[in-house]
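Going down the list, the protein sequences come from chains A and B.
The numbering of the first sequence is this note's numbering, which starts it at 1 and goes up by one.
The numbering of the second sequence is this note's numbering, which starts it at 1001 and goes up by one.
Down below is the structure, laid out as structure tokens.
Number of protein chains: 2
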Amino acid sequence: MPTYAAPTRDMQFVLHDVLRIAESDVPGYGDLDRDFTAAILGEAAKLAEEVLQPLNRVGDEHGCALENGVVRTPPGFADAYAQMRAGGWIGIDVPEEFGGQGLPYLMYSATGEMFVSANMAFNMYQGLSHGAAYAIRMHGSAAQKATFLPKMTDGSWTGTMNLTEPQCGTDLGLIRTKAEPLDDGSYRVSGQKIWISAGEHDMADNIVHLVLARIPGGPDGVKGISLFIVPKFLVNEDGSLGDRNGVSCGGLESKMGIHGNATCVMNYDGATGYLIGEMHKGMRAMFTMMNEARLGVGMQGLAQGAVAYQNALGFAQDRLQGRDITGAKNPNGPADPIIVHPDVRRNLMDQKSFVEGARALVLWGSTFIDRAAAGDAEAEAMISLLTPVIKGFLTDKGFETTVLAQQTLGGSGFTTEWGLEQFVRDARIAMIYEGTNGIQSLDLVGRKLGLNGGKTVMAFFEMVKSTLAEAKEVDGMEAFAGPLKAASKDMQAASMYFVEEGLKNPDNALSGSYDFMHLFGHVCLGFMWARMARASLEALAAGTDDPGFHETKLATGRYYMARQLPMTATHLARIRSGAEPVMALDAASF
Amino acid sequence: MPTYAAPTRDMQFVLHDVLRIAESDVPGYGDLDRDFTAAILGEAAKLAEEVLQPLNRVGDEHGCALENGVVRTPPGFADAYAQMRAGGWIGIDVPEEFGGQGLPYLMYSATGEMFVSANMAFNMYQGLSHGAAYAIRMHGSAAQKATFLPKMTDGSWTGTMNLTEPQCGTDLGLIRTKAEPLDDGSYRVSGQKIWISAGEHDMADNIVHLVLARIPGGPDGVKGISLFIVPKFLVNEDGSLGDRNGVSCGGLESKMGIHGNATCVMNYDGATGYLIGEMHKGMRAMFTMMNEARLGVGMQGLAQGAVAYQNALGFAQDRLQGRDITGAKNPNGPADPIIVHPDVRRNLMDQKSFVEGARALVLWGSTFIDRAAAGDAEAEAMISLLTPVIKGFLTDKGFETTVLAQQTLGGSGFTTEWGLEQFVRDARIAMIYEGTNGIQSLDLVGRKLGLNGGKTVMAFFEMVKSTLAEAKEVDGMEAFAGPLKAASKDMQAASMYFVEEGLKNPDNALSGSYDFMHLFGHVCLGFMWARMARASLEALAAGTDDPGFHETKLATGRYYMARQLPMTATHLARIRSGAEPVMALDAASF
Chain A
1 MPTYAAPTRD MQFVLHDVLR IAESDVPGYG DLDRDFTAAI LGEAAKLAEE
51 VLQPLNRVGD EHGCALENGV VRTPPGFADA YAQMRAGGWI GIDVPEEFGG
101 QGLPYLMYSA TGEMFVSANM AFNMYQGLSH GAAYAIRMHG SAAQKATFLP
151 KMTDGSWTGT MNLTEPQCGT DLGLIRTKAE PLDDGSYRVS GQKIWISAGE
201 HDMADNIVHL VLARIPGGPD GVKGISLFIV PKFLVNEDGS LGDRNGVSCG
251 GLESKMGIHG NATCVMNYDG ATGYLIGEMH KGMRAMFTMM NEARLGVGMQ
301 GLAQGAVAYQ NALGFAQDRL QGRDITGAKN PNGPADPIIV HPDVRRNLMD
351 QKSFVEGARA LVLWGSTFID RAAAGDAEAE AMISLLTPVI KGFLTDKGFE
401 TTVLAQQTLG GSGFTTEWGL EQFVRDARIA MIYEGTNGIQ SLDLVGRKLG
451 LNGGKTVMAF FEMVKSTLAE AKEVDGMEAF AGPLKAASKD MQAASMYFVE
501 EGLKNPDNAL SGSYDFMHLF GHVCLGFMWA RMARASLEAL AAGTDDPGFH
551 ETKLATGRYY MARQLPMTAT HLARIRSGAE PVMALDAASF
Chain B
1001 MPTYAAPTRD MQFVLHDVLR IAESDVPGYG DLDRDFTAAI LGEAAKLAEE
1051 VLQPLNRVGD EHGCALENGV VRTPPGFADA YAQMRAGGWI GIDVPEEFGG
1101 QGLPYLMYSA TGEMFVSANM AFNMYQGLSH GAAYAIRMHG SAAQKATFLP
1151 KMTDGSWTGT MNLTEPQCGT DLGLIRTKAE PLDDGSYRVS GQKIWISAGE
1201 HDMADNIVHL VLARIPGGPD GVKGISLFIV PKFLVNEDGS LGDRNGVSCG
1251 GLESKMGIHG NATCVMNYDG ATGYLIGEMH KGMRAMFTMM NEARLGVGMQ
1301 GLAQGAVAYQ NALGFAQDRL QGRDITGAKN PNGPADPIIV HPDVRRNLMD
1351 QKSFVEGARA LVLWGSTFID RAAAGDAEAE AMISLLTPVI KGFLTDKGFE
1401 TTVLAQQTLG GSGFTTEWGL EQFVRDARIA MIYEGTNGIQ SLDLVGRKLG
1451 LNGGKTVMAF FEMVKSTLAE AKEVDGMEAF AGPLKAASKD MQAASMYFVE
1501 EGLKNPDNAL SGSYDFMHLF GHVCLGFMWA RMARASLEAL AAGTDDPGFH
1551 ETKLATGRYY MARQLPMTAT HLARIRSGAE PVMALDAASF
């Protein structure tokens, strides 16, 4: 059975030694001193380790069942959900006026990593709800906020997002679900939505569906799509629950992983809905939710990689097979633990150096969300730029990490018993949902690179540059500065290629978009490692009482720089090969 | 539901246009003209497409069940197995004296790809048996051959290989299963073996287990291991079945994929066994079987990638989402098929260029097996060198290909309904069994590179060199020769690094072994693509009646050279970073 120990020490390092949050000028961060964040992370760790993690296998084995229109969640989920609610975790970053804790998003992210590592399928129930509540908070009317947010914040109600239909996933312009206006200002919503995570379940009193639909007579395509609130139970004036609305779960999807989360076919049969935000501007409101969701999904990649790595490490330290080629390390035992073998090390170091770099990236990214929420437009642009990288790169690499971890266990990794194979199956979805990673790469190259006339990506390069400049002053940074500089140059060269050749033929840019997303991701993790290295070097210079932690951090970072960053050259070479090799064949010639 | 169409056209191209088998000097190849191989491949295709493929999902859903010591295979498997037997496929490459068809191993490989693409879990029943029979053929006594081979060749009996025990997988020196000699020359075998594929099932009259065990008093470690034949039912003098032997299935493993194949715990309880080959030389006999099995596993990577690609392609040609950025391709439809999008193309071309290159590599590799069987020692050395590359690289990339194919389908790829997720789960085991891919890389760098004092790898480089030299004479080969030359240089540089730095510290070589396996794999596929390109250019120059096939082949190859071969530079950079980054941490510091 897999185990999980929440990485509070590592998170504290990123929050305080690297990001120095308590000293930063982000509104609300002043309260986040070491003791305070330690207390929060410690409590979250308990919930994750003791309540959620033991249910991870249970959720996978039992899955969800649809019985007479009701979805039964796996045994224990409802209790665990009650404990999550009681701890106030769902509303940790929601303003106090709606019943939340009013902490920064950063702390939602940090605690969220733990919950996802412990039980990804379970945490999706609150994760989706969190996104839906956020969209209502940003785009809803005062009355809508008053009606829905307190309940969604305390978790007594949950929320969902309803985009996909059988004929349209990525291309939302093809949406057919209809919303006919009624005299009382509400709408009659009819249509079918598929792949609705947590669309129906037995853990909350009400479910608030956010539904994309067309108001008849509006423009075709995405310009005629509006967003509606469609509650499972109508809500009376006094806030009590009224009649069951015309929405029901028509089936559950059988799928590769996240069995503990109900993936529902949702049928809207003249259901009562309420327009949220402006008519025909539904995409804008939906993107509010989706962007937050995309960061959350990137974090899922990290979180599944993190727990898989932990379990691979435990196995590698225990399992005795073969002898260290340079001399037995466990001479009195029948064999040495497999962690002595260089190729097992390589595998573990790939996992470890990714996980720790990715954790820093997610937390750093979260600081931009908090800045943006406080009105910082440049921060908002920066997180817009980084979102497809965090979503696409971290889920690809997070999945890869679970596969590497599974490999560490050899045959045991393929068995259900050891639980690694579940991490692989669960992590796989993160590369697909909330916009496939291919779509992320298009968003990055087609939209985000050109944001503010390219100023945002230039601001990113400036940050890297200033870290490189500072590195010159610090002994021990050479192993970080050189590879980061080279990788950053590759990224600049790729960006130039897109500008020059993409103008001639957009396919030249689009054919390299996926490689660019990975190139950017490597630069981001290299950048994070440079910053972590600097923090560790400073801690060591200052005579830290935990030198082992920082020496390990530095060695892990050097591994990433030496063994992962060279990948940027291959991505650049692929990008520069342009559209010709990719587009040469007719569709019929494949 | 996924579909499968066997790639007979592509196989014919490799066999006849590239390998020119009918004109080659390999014994037995003279009969393999185009019509003859077309007939064989056509018949195998029918079995694969019409009988095996429809059972693939069935096997996954039903799995195997252990009831009162008997393993029930999925519905339909026994019938399909009877059809496979009736067609003579199991013994296609077995000499006629044992009841086989006496065809070259090459044809076993080609037809095997189809069977594995159609139903990997099913084909393992005959695949393992084929390996066990091969070991008996190579190492058994005349009496053992006479008793077991005809039955295993006609498929009325199957065979297994029993290596792993709970405390030992890779490190077979830790084996505890005991074989005590009896007065009649037989042995009493006792112990437990785990992860025994097809260890027990209901499709054959008898199961012939090949079991590694220790004869008491022998040397410790791998030097004291012998190989035994332990039949499920004892065989009477007249060949009829006698008493049930003391071997039984104690449980089935619950696992990520290949559910249709029974992965058994096998308990040997004073079972009667017969020594095969020499006492204490069991590893040698086992390796005969394992090397063949490793090639078969490499082919599984290819085969699962191939069927996954076919289904991804079908989806990409049908699914309408979005518009081609350079102008609508399906203006009268609601959207264009997604194959118009460059990033979908990139994904499909990665799949296609791998699959076709890998197919050529497996078939080319099989020719060395046939040469080796005819006594060609250099061919035997060459396939020994290539085996870890074929096993490790093709299964890693084959798995990656199934993941890419799954990604092509977006959300549908995650659902059970579309079947892509099964290919991913099934393909995953191939990276693990028959020696994990980490072990393959150690075998490659630690043993195979130095084979015959390095002459074998030099012979490989010579083949590449002569292809490069010939390429100079042929218009159109530039796009192939340049990248292949660069990749081959990277491989030579890596080999030099191992020689120079590996002598100083073996960890310098072992830390780069995995990257070297992939570097070598890229060179192999680049080499195959150069040879295929040449064949297609010649066919076009000769006025082939199928120019479209050859133009497509060339475009696919150019893609591989432009987009995949640059990867060798990254592998070389990693290799050259040496042991330090990999080994820096103490085991306790992770």
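Don't be surprised by glycine CBs; every beta carbon is placed ideally from N, CA and C.
None of the values given here were measured: they were computed from a predicted structure.
Terminal residues of the continuous beta strand (DSSP E) containing residue i?
i	result
residue 1274(B)	1263-1276
residue 1306(B)	It is not in any beta strand (DSSP E) - residue 1306(B) instead sits in the alpha helix (DSSP H) that spans 1282-1318.
residue 65(A)	65-67
Closer than 7 angstroms by C-beta to residue i: which residues in its own chain qualify, once you throw out the five before and the five after it? Chain order, please.
i	result
residue 153(A)	90, 91, 94, 98, 99, 100 and 133
residue 1282(B)	1212, 1225, 1226 and 1227
residue 62(A)	74 and 75
residue 1522(B)	1487, 1564, 1565, 1567 and 1568
residue 1234(B)	1242, 1243, 1245 and 1272
Please work out which residues of its chain come closer than 8 angstroms, Cβ to Cβ, to residue i, disregarding the five sequence neighbours upstream and downstream, and give them in chain order.
i	result
residue 984(B)	An answer regarding residue 984(B) cannot be provided, because it is not within the stretch 1001 to 1590 covered by chain B.
residue 1043(B)	1087
residue 83(A)	47 and 51
residue 304(A)	116, 117, 120, 398, 399, 401, 402, 423, 426, 427 and 430
Could you tell me the boundaries of the alpha helix (DSSP H) in which residue i lies?
i	result
residue 524(A)	513-541
residue 1468(B)	1455-1471
residue 592(A)	No information on residue 592(A) is available, as it lies outside the stretch 1 to 590 that chain A covers here.
residue 582(A)	579-583
residue 355(A)	342-373
residue 490(A)	478-504
residue 1441(B)	1437-1442
residue 94(A)	From DSSP, residue 94(A) is part of no alpha helix (DSSP H); its letter is neither H nor E.
What residues are listed by DSSP as bridge partners for residue i?
i	result
residue 1235(B)	1241(B)
residue 187(A)	181(A) and 273(A)
residue 1192(B)	1267(B)
residue 1208(B)	1159(B) and 1231(B)
residue 384(A)	Residue 384(A) pairs with nothing; no bridge assigned.
residue 1251(B)	1265(B)
residue 1071(B)	1066(B)
residue 164(A)	DSSP, once it has assigned bridges, lists no residue as partnering residue 164(A).
residue 1034(B)	Looking at the DSSP assignment, residue 1034(B) forms no beta bridge with any residue, so it has no partner.
Out of the options, which has the shortest C-alpha to C-alpha gap to residue i?
i	options	result
residue 284(A)	317(A), 223(A) and 246(A)	223(A)
residue 219(A)	229(A), 240(A), 182(A) and 174(A)	174(A)
residue 221(A)	280(A), 199(A), 146(A) and 123(A)	280(A)
residue 1286(B)	1164(B), 1247(B) and 1122(B)	1164(B)
residue 524(A)	21(A), 113(A), 240(A) and 389(A)	389(A)
residue 1431(B)	1294(B), 1137(B), 1500(B) and 1520(B)	1294(B)
residue 1263(B)	1327(B), 1347(B) and 1160(B)	1160(B)
residue 14(A)	540(A), 363(A) and 398(A)	363(A)
residue 1497(B)	1435(B), 1460(B), 1449(B) and 1539(B)	1449(B)
Who are the near neighbours of residue i in its chain, counting only those whose CB is closer than 6 angstroms to its CB and skipping five residues on each side?
i	result
residue 1512(B)	1575
For residue i and chain C, any beta-carbon pair shorter than 8 angstroms?
i	result
residue 74(A)	In summary, chain C is missing from the structure at hand, where the protein chains are A and B.
Residues within the stretch 429-451 of chain A neighbouring chain B, beta-carbon criterion of under 9 angstroms: Of all residues in the stretch 429-451 of chain A, the ones placed with a Cβ closer than 9 angstroms to any Cβ belonging to chain B are 429, 431, 432, 433, 436, 437, 438, 439, 441, 442 and 446, in chain order.
Chain B contacts made by the stretch 521-551 of chain A, where a contact means CB separation under 7 angstroms: 548
Proximal residues, the stretch 1341-1368 of chain B versus chain A, C-beta separation under 8 angstroms: 1341, 1342, 1343, 1344, 1345, 1346, 1347, 1348, 1349 and 1352
Chain B contacts made by the stretch 559-586 of chain A, where a contact means CB separation under 7 angstroms: 559, 562, 563, 566, 567, 569, 570, 573, 574, 577, 579, 581, 582, 583, 584 and 585
Proximal residues, the stretch 256-283 of chain A versus chain B, C-beta separation under 7 angstroms: Within the stretch 256-283 of chain A, the residues whose Cβ lies closer than 7 angstroms to some Cβ of chain B are 256, listed in chain order.
Chain B contacts from the stretch 233-253 of chain A (Cβ-Cβ distance under 8 angstroms): For the stretch 233-253 of chain A, which is checked against every Cβ of chain B, the residues closer than 8 angstroms are 253.
Contact list for the stretch 177-194 of chain A against chain B, Cβ threshold 9 angstroms: 194
Proximal residues, the stretch 105-120 of chain A versus chain B, C-beta separation under 9 angstroms: Those residues of the stretch 105-120 of chain A that come within reach of chain B (Cβ to Cβ, closer than 9 angstroms) do not exist; the list is empty.
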